[in-house]
Amino acid sequence: MKYIKSILVTLLLTVTLISCKEDNPVTPEPIDPAEGLTKVGEHSFSEIKAEVYTDAAIEVGYCKFYVKLTKLSDNSLITSASVKLKTLMDMGTMKHSSPLENISGTDAINSLFPSAAVFIMSGMWEITIEVENSGEFTIPLEVAPSSNVKKVNGSDNKTYFVTLINPMDPKVGLNDFEISIHTKESMMLFPAVEDVNVTMEPSMPSMGHGSPNNVNPVHQADGHYLGKVNFTMTGDWLIDLYLSKTDSLLVTSFNITL
Ligand SMILES: [Cu+2]
Numbered sequence: 005m006k007y008i009k010s011i012l013v014t015l016l017l018t019v020t021l022i023s024c025k026e027d028n029p030v031t032p033e034p035i036d037p038a039e040g041l042t043k044v045g046e047h048s049f050s051e052i053k054a055e056v057y058t059d060a061a062i063e064v065g066y067c068k069f070y071v072k073l074t075k076l077s078d079n080s081l082i083t084s085a086s087v088k089l090k091t092l093m094d095m096g097t098m099k100h101s102s103p104l105e106n107i108s109g110t111d112a113i114n115s116l117f118p119s120a121a122v123f124i125m126s127g128m129w130e131i132t133i134e135v136e137n138s139g140e141f142t143i144p145l146e147v148a149p150s151s152n153v154k155k156v157n158g159s160d161n162k163t164y165f166v167t168l169i170n171p172m173d174p175k176v177g178l179n180d181f182e183i184s185i186h187t188k189e190s191m192m193l194f195p196a197v198e199d200v201n202v203t204m205e206p207s208m209p210s211m212g213h214g215s216p217n218n219v220n221p222v223h224q225a226d227g228h229y230l231g232k233v234n235f236t237m238t239g240d241w242l243i244d245l246y247l248s249k250t251d252s253l254l255v256t257s258f259n260i261t262l
């Protein structure tokens, strides 16, 4: 009994000590908004440091960038600024840009300034980050090949880029399905196409079957189309896409393996 009592006293003391400690909190480490992201470059202007991050491998397809701005004088985060992404590929005989997404307004989202590009081919690219009132800087980026972007010629003689955004980690069952559609207006301008009717047909060619309960992608914003794809089993799937506009029909497909 005495033994148990001493254990209890020890336990009580421990609890008291722990709670004493908790009454005296240490200042928490500030949370880094870029935690978990991969830095691809940084630049210091006269008063501001800009760091550029991504959340996935740099390959052909939809690539998100996050710019973190800190004041050099005290390392504090800047959450209001105008930050713009530009892209360039110098192919020697000609130069071209890519589809781009920049947020409107000057408010950071979770203390970062997000933007995105669709890299339409593999090879050496440059991304340029422009911070209003500070200047701009350029980061060279090697873009790895992938089959996530389809270049399609429409019956309207325009070139379209259809990009598979999701699922990147496909699972058996219903998956979010997301594509973006852009067209090429000039070498430097690739606007989003927002008026496409998308019909989607997933199938397993090796087994000669499709799947039920798919939801055709519907335009949300900025040329992004969202639907659902149902993979009823693992293996090689083919996603046929029929994209129709008033004056044009495009057909393309993506292979997804799970
Ligand atoms: Cu190129």
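Residues 5 to 262 (this note's numbering) are what the sequence shown spells out, left to right. Note that the Cβ used here is the ideal one computed from N, Cα and C, for glycine as well. Given the structure is predicted, the values throughout are model-derived calculations rather than measurements.
Helix, strand or coil: which one does DSSP assign to residue i?
{"i": "Glu140", "result": "strand"}
{"i": "Pro206", "result": "strand"}
{"i": "Asp269", "result": "Outside the shown range of the chain, which is 5 to 262, sits residue 269, and nothing can be said about it."}
{"i": "Ala225", "result": "strand"}
{"i": "Phe123", "result": "strand"}
{"i": "Cys24", "result": "Note on Cys24: pLDDT 49, under 50, position unreliable in the model; the coordinate value appears next. Three-state DSSP puts Cys24 in a helix."}
{"i": "Phe49", "result": "coil"}
{"i": "Ser84", "result": "strand"}
{"i": "Glu134", "result": "strand"}
{"i": "Leu76", "result": "coil"}
{"i": "Thr42", "result": "strand"}
{"i": "Gly214", "result": "strand"}
{"i": "Met93", "result": "strand"}
{"i": "Ala54", "result": "strand"}
Can you give me the start and stop residues for the beta strand (DSSP E) that residue i sits inside?
{"i": "Ser184", "result": "Gly177 to Thr187"}
{"i": "Lys162", "result": "First-last for Lys162: undefined, no H or E at that position."}
{"i": "Ser248", "result": "Asp240 to Lys249"}
{"i": "Val156", "result": "Val153 to Asn157"}
{"i": "Val255", "result": "Ser252 to Thr261"}
{"i": "Leu104", "result": "Leu104 to Asn106"}
Taking its Cβ as the centre, do 16 or more other Cβ atoms sit within 10 Å of residue i, making it buried, or is it exposed?
{"i": "Met95", "result": "exposed"}
{"i": "Leu21", "result": "Low confidence applies here, because Leu21 scores a pLDDT of 49, under 50, leaving its location unreliable and the question unanswered by this model."}
{"i": "Ile62", "result": "buried"}
{"i": "Ser119", "result": "buried"}
{"i": "Ser72", "result": "Reading off the sequence, residue 72 comes out as Lys, not Ser. So Lys72 ends up on the buried side."}
{"i": "Ser138", "result": "buried"}
{"i": "Ala128", "result": "For the record, residue 128 in the displayed sequence is Met; it is not Ala. So Met128 ends up on the exposed side."}
{"i": "Pro206", "result": "buried"}
{"i": "Ile35", "result": "exposed"}
{"i": "Gly65", "result": "buried"}
{"i": "Met121", "result": "The identity of residue 121 in the sequence shown is Ala, whereas the question assumes Met. That one is buried."}
{"i": "Thr261", "result": "exposed"}
{"i": "Leu76", "result": "exposed"}
{"i": "Asn217", "result": "exposed"}
{"i": "Asn179", "result": "buried"}
{"i": "Pro221", "result": "buried"}
{"i": "Val19", "result": "Since pLDDT at Val19 reaches only 49, below the 50 mark, its modelled position is unreliable, and the value read off the structure follows with that caveat. Exposed."}
Self-check item: Test item, CB below 5 Å from any non-hydrogen atom of ligand 2
Solution: The ligand content of the structure shown is limited to ligand 1, which means ligand 2 is not among them.
Quiz item: Are there three or more Cβ pairs, one per stretch, closer than 8 Å when the region 141-156 is compared with the region 108-115?
Solution: no
Self-check item: the region 79-86 / the region 170-179 touching (three or more Cβ pairs under 8 Å)
Solution: By the Cβ test, the region 79-86 is not in contact with the region 170-179, since fewer than three Cβ pairs between them sit closer than 8 Å.
Quiz item: For the region 179-193 against the region 226-236, are there 3 or more C-beta pairs whose distance is under 8 Å?
Solution: yes
Practice problem: Could you say if the region 201-210 and the region 155-162 meet the contact criterion of at least three C-beta pairs nearer than 8 Å? | Solution: As far as the Cβ criterion goes, the region 201-210 does not touch the region 155-162, which means the pair count is below three.
Quiz item: Is the region 240-247 touching the region 205-217, taking contact as three or more C-beta pairs under 8 Å?
Solution: yes
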